[in-house]
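Visitor:
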Amino acid sequence: MQPHSWVAIVTLVALLVYVWMVLRVAGARRSTGISAPTMTGDPVLERHIRVQANTLEWLPLFLPSLWLFAVYWSDLVAAVLGVIWIVGRIVYAIGYVADPGKRETGFTIQALATAVLLFGALGRVIWILMVVGN
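What follows is the structure, given as structure tokens:
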């Protein structure tokens with residue numbers, strides 16, 4: 002297996018989950034008859050749009066953290082944390098669309114996974130620079 006194959010798979014699945022969210026927005030637009038660029042007018046459509054937007058806001062933090070953790074720590078551990086992030090995003094999406102008050106569990110899951118990836122990678126890079134040297 003090529004280096005970082007697990008993280009590559011997780012990256013692709015995360016992007017497919019984002020595509021799923023985009024398609025859910027399109028479906029909500031069709032069912033409500035609200036065309037782009039209109040962003041308001043139906044609470045369920047607005048929640049779908051918010052889920053998609055929030056996921057897009059998190060991807061630039063999640064993806065580099067995922068890959069840096071894989072490079073500096075472990076591909077497999079990074080992949081497991083990435084799967085946890087994906088599960089969190091799905092739980093968030095389903096919960097938020099059903100009732101905005103139900104978004105917290107999924108949000109917390111993905112935020113914690115991202116924090117472990119980010120601070121794990123940061124800590125390892127600092128340790129290498131300070132202890133091991135370059």
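Following this note's numbering, the numbering of the sequence shown begins with 2 at its first residue and continues without gaps. The beta carbon of each residue, even a glycine, is placed where N, CA and C say it ideally should be.
Alpha helix (DSSP H) containing Thr-39: first to last residue?
Guide: Translated into positions along the sequence shown, residue 39 becomes position 38. Per DSSP, Thr-39 belongs to no alpha helix (DSSP H) and is neither H nor E.
Visitor: Let me know if Ala-116 comes out buried or exposed under the rule of 16 or more other beta-carbons within 10 Å of its beta-carbon.
Guide: Counted from its first residue, the sequence shown places residue 116 at position 115. Flag for Ala-116 reads exposed.
Visitor: Can you give the Cα-Cα distance for Trp-21 and His-49, rounded to whole angstroms?
Guide: Looking up residue 21 in the sequence shown gives position 20. Looking up residue 49 in the sequence shown gives position 48. Annotation: Trp-21 to His-49 spans about 11 Å, alpha carbon to alpha carbon.
Visitor: Just verifying my parser: in three-state terms, what is the DSSP assignment at Met-2?
Guide: In the sequence shown, the residue the question calls residue 2 occupies position 1. In the structure shown, Met-2 sits in coil (DSSP, three-state: anything other than H, G, I, E or B).
Visitor: Name the two residues that bound the continuous alpha helix (DSSP H) containing Trp-74.
Guide: Your numbering for residue 74 matches position 73 in the sequence shown. It is not in any alpha helix (DSSP H) - Trp-74 carries neither H nor E in the DSSP assignment.
Visitor: Rank Asp-76, Leu-24 and Leu-67 by C-alpha distance to the C-alpha of Ala-54 and give the top, closest one.
Guide: Position 53 of the sequence shown, counted from the first residue, corresponds to residue 54. Selected option, being the one with the closest Cα: Leu-24.
Visitor: How close, in whole Å, do the beta carbons of Val-52 and Ala-94 come, if the pair is a contact with beta carbons under 8 Å?
Guide: The residue labelled residue 52 in the question sits at position 51 within the sequence shown. The residue labelled residue 94 in the question sits at position 93 within the sequence shown. Contact holds; Cβ gap of about 5 Å.
Visitor: What three-state label does DSSP hand Arg-104 in the structure shown?
Guide: Reading the sequence shown from its first residue, position 103 is the one you call residue 104. It is coil, neither helix nor strand.
Visitor: By the 10 Å Cβ neighbour count, where 16 or more other Cβ atoms means buried, how is Phe-120 classified, buried or exposed?
Guide: For the purposes of this step, residue 120 is identified with residue 119 of the sequence shown, where counting begins at 1. Under this definition Phe-120 is an exposed residue.
Visitor: Roughly how many whole angstroms lie between the Cα atoms of Pro-61 and Leu-16?
Guide: Numbered from its first residue, the sequence shown carries residue 61 at position 60. Numbered from its first residue, the sequence shown carries residue 16 at position 15. Cα to Cα, Pro-61 sits roughly 12 Å from Leu-16.
Visitor: Tell me whether Gly-83 sits in a helix, a strand or coil according to DSSP, three-state version.
Guide: The sequence position of residue 83 within the sequence shown is 82, counting from 1. The answer is helix: DSSP assigns Gly-83 an H, G or I state.
Visitor: By how many angstroms is the C-alpha of Asp-76 removed from the C-alpha of Ser-6?
Guide: By one-based count along the sequence shown, residue 6 stands at place 5. By one-based count along the sequence shown, residue 76 stands at place 75. Rounded to the nearest angstrom, the two C-alpha atoms are 8 Å apart.
Visitor: Can you round the beta-carbon distance between Gly-83 and Val-11 to whole angstroms, since I take them to be within the 8 Å contact cut?
Guide: Locating residue 83 in the sequence shown gives position 82, where the first residue counts as 1. Locating residue 11 in the sequence shown gives position 10, where the first residue counts as 1. Rounded, the Cβ-Cβ distance is 4 Å, consistent with contact.
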